[in-house]
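Take a look at the structure set out below.
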Amino acid sequence: MKLDRMRELIKLIDKYNYYYYTLDKPIISDYEYDKLYDELVALEKETGITLDNSPTLRVGDNVLEGFEKKTHKVRLFSLDKVNNFQDLEKWVTDVKTQYPMATFDLEYKYDGLKICCNYNNGKLISAVTRGNGFIGEDVTSQVKTIKSLPLSIDYKGELILQGEGMMFLSDLENYNKMYPNEPLKNARNAVAGAIRNLDPKETAKRKLNLILYDILYIEDRELIKTQKDTEEFLVKYKFKNFAGKYLKDFVSIKEAIQNMDKERKTLDFLVDGAVIKINEFSIRNEMGETSKFPRWAMAFKFEAEEISTRLLEVKWQVGRTGKVTPTAILEPVTLAGALISRATLNNYSDILRKQLKCPCRVFLRRSNEVIPEVLGLADTEEDSKEIEKPSKCPCCGTELYDKGPNIYCPNLECPERIKNQLVHFVSKEGMNIEGISENTIEAMYDKLGVRDGADLYDLTGEDLVKLDAFKDKKVSNFLKNIENSKNISAENFLYALSIPNVGKKTIKDLLNYFGTIDNIMQASEEEIVKVYQIGETIAKDIKNFFSDEKVKQYINKLYSKGIKIFYKDNTIKDEFWSGKKVVLTGTLSGFTRNEATELLENMGAQVLSNVSSQCDYVIYGENPGSKLSKAQNLNIKTLNEAEFTKLIKKD
Numbered sequence: 002m003k004l005d006r007m008r009e010l011i012k013l014i015d016k017y018n019y020y021y022y023t024l025d026k027p028i029i030s031d032y033e034y035d036k037l038y039d040e041l042v043a044l045e046k047e048t049g050i051t052l053d054n055s056p057t058l059r060v061g062d063n064v065l066e067g068f069e070k071k072t073h074k075v076r077l078f079s080l081d082k083v084n085n086f087q088d089l090e091k092w093v094t095d096v097k098t099q100y101p102m103a104t105f106d107l108e109y110k111y112d113g114l115k116i117c118c119n120y121n122n123g124k125l126i127s128a129v130t131r132g133n134g135f136i137g138e139d140v141t142s143q144v145k146t147i148k149s150l151p152l153s154i155d156y157k158g159e160l161i162l163q164g165e166g167m168m169f170l171s172d173l174e175n176y177n178k179m180y181p182n183e184p185l186k187n188a189r190n191a192v193a194g195a196i197r198n199l200d201p202k203e204t205a206k207r208k209l210n211l212i213l214y215d216i217l218y219i220e221d222r223e224l225i226k227t228q229k230d231t232e233e234f235l236v237k238y239k240f241k242n243f244a245g246k247y248l249k250d251f252v253s254i255k256e257a258i259q260n261m262d263k264e265r266k267t268l269d270f271l272v273d274g275a276v277i278k279i280n281e282f283s284i285r286n287e288m289g290e291t292s293k294f295p296r297w298a299m300a301f302k303f304e305a306e307e308i309s310t311r312l313l314e315v316k317w318q319v320g321r322t323g324k325v326t327p328t329a330i331l332e333p334v335t336l337a338g339a340l341i342s343r344a345t346l347n348n349y350s351d352i353l354r355k356q357l358k359c360p361c362r363v364f365l366r367r368s369n370e371v372i373p374e375v376l377g378l379a380d381t382e383e384d385s386k387e388i389e390k391p392s393k394c395p396c397c398g399t400e401l402y403d404k405g406p407n408i409y410c411p412n413l414e415c416p417e418r419i420k421n422q423l424v425h426f427v428s429k430e431g432m433n434i435e436g437i438s439e440n441t442i443e444a445m446y447d448k449l450g451v452r453d454g455a456d457l458y459d460l461t462g463e464d465l466v467k468l469d470a471f472k473d474k475k476v477s478n479f480l481k482n483i484e485n486s487k488n489i490s491a492e493n494f495l496y497a498l499s500i501p502n503v504g505k506k507t508i509k510d511l512l513n514y515f516g517t518i519d520n521i522m523q524a525s526e527e528e529i530v531k532v533y534q535i536g537e538t539i540a541k542d543i544k545n546f547f548s549d550e551k552v553k554q555y556i557n558k559l560y561s562k563g564i565k566i567f568y569k570d571n572t573i574k575d576e577f578w579s580g581k582k583v584v585l586t587g588t589l590s591g592f593t594r595n596e597a598t599e600l601l602e603n604m605g606a607q608v609l610s611n612v613s614s615q616c617d618y619v620i621y622g623e624n625p626g627s628k629l630s631k632a633q634n635l636n637i638k639t640l641n642e643a644e645f646t647k648l649i650k651k652d
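Numbering (the working numbering), first residue to last: 2 to 652.
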């Protein structure tokens, strides 16, 4: 039975290897692949048998036909791995027991394509994929399109470097915008497809990066005695490299890995773990390698953020503005610690771009604890069918209309649309009426005839007790909360109105520019577009909204319920921050990110999301990630939280 299962696993792994490495078309996630591979390894250990065709006998993938095969001068190994701190602690303890003076280097485990670069006499002479560890594919022409890789260096001796071909996430996003008919599923698959493209011009389109992290061979061996020396060498000769952390014990390694796991959500490239290497090459040489792994390094795998599952159905839902959006109904799967059964799709164009069918198998990703994203099609099924674009509203049956890439229900009385407007109206960012859930809104709509936010202010205790969940205390709390909400800031009031395509930031900008709600309502498109970062489309939406007679009547109806607007003057005169462009990164202990942003904007600063040469300051907290490194490389001034706090509290 165990041998049969091993044969079955080998067959499955070979199939998935073919799709991933040869066709560049993965049909399962890395997480699922690793589970199969680990099961095979465990069975081989248990039985003491390794079949002749087992994938555990080779390091990497098969060499593609179409590329010249090249033998590596130095064999390339893969890394042994652990996925829990208990196993990692055992490895670290074993090392320290045998070599008490050993120190460790901690680096990102990049999720891309391994490449070896060979230099001689200061020139790049070849670039080769890892292949099977002994023979790889000569992809020199493709790799030469990577602008971060120097074609010539000052070091004249023979040099072999190992690194990771990467497509940064921002470049992936830009590529998919430029080539919407040829979307790339994810950054890892994108770089593999680019490097293995026989036309270097196609490779160049993807604007790849190559991050170098190991020296496999150097003619002057006395130059490099530690991983720290390696890092300094790479920086000196202008190779793209991210600095490692040098640590002495397991406790500091564990803490650094935990920070790295949090930090990876802010990075512009994919990492799926951490790599721990012994720093001293003298110890590495003594420890040596197994037939597959170096004994002096270990990979720590992070919890999967990407997995594949079945798309069972697509449901269309009407939002508060009438936009009808598709929701993917999924076969439940655990991802990043949560059971996922649905995911949002942007619009019908998104469905076409991702080539989705129903049913089918899809790749799913969950990052930053947000709603999961369907990345694209993994594989179709025998009964897979095209997903049809709806022509009528799924709630009220009204004929839908197209506006750009989206579809809308024009019916202002559409029940689902009204219910979502009410949920938005009572939210904390809106009228801040506590104690009203989506279920309560549904009941108020169905049983009490509530049709807009103003109707909430007409509800009495006699009305509320008709709802199942409302008893004396809940009725009393609701009436008190309703009364408290009548004194509301202009920002919250405007947000509660559900102005199309307008969020809190735009509302704040409008109020800062026009001063009052009345002035905003009377402003022309030409005046609105003068507000910073408001374009013509948004200006038109705002003008059309406030020109609608029904909107005017609704606002007056709200005023008639006793709602009073107050205006917050948060502007702090500060010549130092006025006009400065600032980026926030890392975790601040004394402020939330929103609080720090609001404070800076009130002092006249402009808070940006990305670091560029246009920035004046980068303010950082704990685990600042790559934005701090980029700022330092660009010689942008940086402030830690203590320095920032001292500046804003100066008299």
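Glycine included, C-beta positions come from ideal geometry on N, C-alpha and C.
As the structure is a prediction and not an experimental result, all values here were calculated from the model.
First through last residue of the beta strand (DSSP E) which encompasses residue i
i	result
Ser-342	339-345
Ser-653	The question about residue 653 has no answer, for the chain in this structure spans 2 to 652.
Asp-273	272-279
Trp-317	307-319
Glu-108	105-111
Val-608	607-609
Asp-215	210-219
Asp-380	374-387
Residue environment, residue i, which counts as buried when at least 16 other CB atoms sit within 10 Å
i	result
Gly-431	buried
Thr-653	There is no way to answer for residue 653, as the model of the chain reaches only from 2 to 652.
Met-2	exposed
Leu-199	exposed
Gly-731	No statement about residue 731 is possible, as the shown extent of the chain runs from 2 to 652 and does not include it.
Tyr-109	buried
Ile-341	buried
Phe-364	buried
Glu-370	With a pLDDT of 49 at Glu-370, under the threshold of 50, the predicted position of this residue should be treated as unreliable, and no value is reported.
Lys-16	exposed
Tyr-560	exposed
Gly-113	buried
Ser-171	exposed
Arg-76	exposed
Asn-210	buried
Tyr-568	exposed
Lys-316	exposed
Contacts around residue i, its chain only, beta-carbon distance under 8 Å, and the 5 residues preceding and following it disregarded
i	result
Leu-41	Met-7, Leu-10, Ile-11, Ile-14, Ser-55, Pro-56, Thr-57
Glu-183	none
Glu-220	Gly-158, Glu-159, Leu-160
Val-530	Gly-536, Glu-537, Ala-540
Ser-392	Glu-400, Leu-401
Lys-386	Lys-358, Cys-359
Residues near residue i by beta carbon distance below 6 Å, same chain, minus five either side
i	result
Glu-417	Val-319, Cys-396
Pro-295	Phe-78
Met-261	Ala-275
Asn-421	Gly-320, Arg-321
Ala-128	Ile-116, Cys-118, Val-140, Thr-141, Val-144
Arg-265	Val-272
7 Å Cβ shell around residue i - same chain, five flanking residues per side excluded
i	result
Ala-103	Val-96, Lys-97, Ile-279, Glu-281, Ile-284
Arg-366	Glu-306, Glu-307, Pro-373, Glu-374, Leu-376
Leu-173	Leu-185, Ala-188, Ala-191
Host alpha helix (DSSP H) of residue i (start-end)
i	result
Asp-230	228-237
Pro-327	Element bounds for Pro-327: not the alpha helix (DSSP H) but the beta strand (DSSP E), 324-336.
Thr-507	505-515
Gln-143	141-144
Asp-447	439-449
Pro-201	201-206
Supposed contact pair residue j and residue i - C-beta distance, whole angstroms, cut 8 Å
i	j	result
Leu-589	Ala-597	6 Å
Lys-26	Tyr-20	5 Å
Glu-374	Ala-337	The Cβ separation is near 12 Å, so there is no contact.
Gly-462	Val-476	5 Å
Val-451	Leu-495	Actually they are not in contact, since the Cβ atoms of Val-451 and Leu-495 sit about 21 Å apart, beyond 8 Å.
Val-83	Phe-301	6 Å
Q. Would you call the segment 210-225 and the segment 174-181 in contact, with 3 or more CB pairs under 8 Å?
A. When C-beta atoms of the segment 210-225 are compared with those of the segment 174-181, fewer than three pairs fall below 8 Å, so the two segments do not count as touching.
Q: Please determine if the segment 219-233 and the segment 144-155 are in contact, where contact requires at least 3 C-beta pairs separated by less than 8 Å.
A: The segment 219-233, when compared against the segment 144-155, does not touch it at the 8 Å Cβ threshold.
Q | the segment 470-487 / the segment 392-412 touching (three or more Cβ pairs under 8 Å) | A | No: the two stretches stay apart, fewer than three of their Cβ pairs being nearer than 8 Å.
Q. Per the contact definition of three or more C-beta pairs closer than 8 Å, is the segment 490-503 in contact with the segment 459-472?
A. Output reads no: the segment 490-503 does not touch the segment 459-472.
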